[in-house]
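Peer 1:
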Amino acid sequence: MFEIDADKTIHLTRGDIATIEVSTKDKTTGEAHVFKAGDVVRLRVNEKKDYGLIMLMKDVAVTGDTTVVAISLNKEDTKIGELISKPRDFYYEIEVNPDTAPQTIIGHDREGAKVLRLYPEGSDEFE
-13 MFEIDADKTI HLTRGDIATI EVSTKDKTTG EAHVFKAGDV VRLRVNEKKD
37 YGLIMLMKDV AVTGDTTVVA ISLNKEDTKI GELISKPRDF YYEIEVNPDT
87 APQTIIGHDR EGAKVLRLYP EGSDEFE
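The working numbering numbers the first residue of the sequence shown as -13 and each following residue consecutively.
1) Can you list, in chain order, the residues of its chain with a C-beta nearer than 8 Å to that of T(-5)? Leave out the 5 residues immediately preceding and following it.
2) Could you round the C-beta distance between Y78 and L29 to whole angstroms and report it? I think they count as a contact, below 8 Å.
3) Note down, in chain order, each residue of its chain lying with its Cβ closer than 8 Å to the Cβ of D63, except the 5 sequence neighbours on either side.
4) In terms of residues, what are the limits of the beta strand (DSSP E) holding H(-3)?
5) Could you pull out every residue in the same chain whose Cβ sits closer than 7 Å to the Cβ of G1, ignoring the five residues on either side in sequence?
6) What is the C-beta distance between L59 and I3, in whole angstroms, given that I count them as a contact (C-beta under 8 Å)?
7) Might you give, ordered along the chain, the residues of its own chain that have their beta carbon closer than 7 Å to the beta carbon of K34, omitting 5 neighbours on each side?
8) Between G67, V8 and G93, which lies nearest to A18 when the distance is taken from Cα to Cα?
9) Closest to F21 by C-alpha separation, out of A47, T5 and D36, would be which residue?
10) Restricting to Cα atoms, I'd like to know which of R96, T90 and D95 is closest to D12.
11) Starting from A47, trace the beta strand (DSSP E) both ways and give me its first and last residue.
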């Protein structure tokens, strides 16, 4: 399962693949922001209420001018932590050029933290 709600909560089953499409508007003009070749878009997932504990970090290098950047997660990326038996929440943020000129696109704001809700998967091992 993979869904993104209007409030930007991400719902994802542990071990599934997902592609998060990132876009934003220019705050001055209201036009679609153009990501430039050489930009880096980073997804960072943290332990809930602990921004110091990074559970996943995924960078995407932009190769050409575009208004949408796809962050693809494979099954290893989404196996965050140990097996779980009930949904578990993490906080996440997405930023552009985090190491050179950081700009947060999605993250903790006036409405609160952005949540990635991870749902359980079955074990791959027989007993």
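Even for Gly, the Cβ is constructed at its ideal location relative to N, Cα and C.
Peer 2: Looking at the atomic coordinates:
1) K100, V101, L102 and R103
2) 7 Å
3) L42 and K44
4) I(-4) to T(-1)
5) K61, T64, K65 and E107
6) 6 Å
7) D75, F76 and Y77
8) V8
9) A47
10) Comparing alpha-carbon positions, the option among R96, T90 and D95 lying closest to D12 turns out to be T90.
11) D36 to A47
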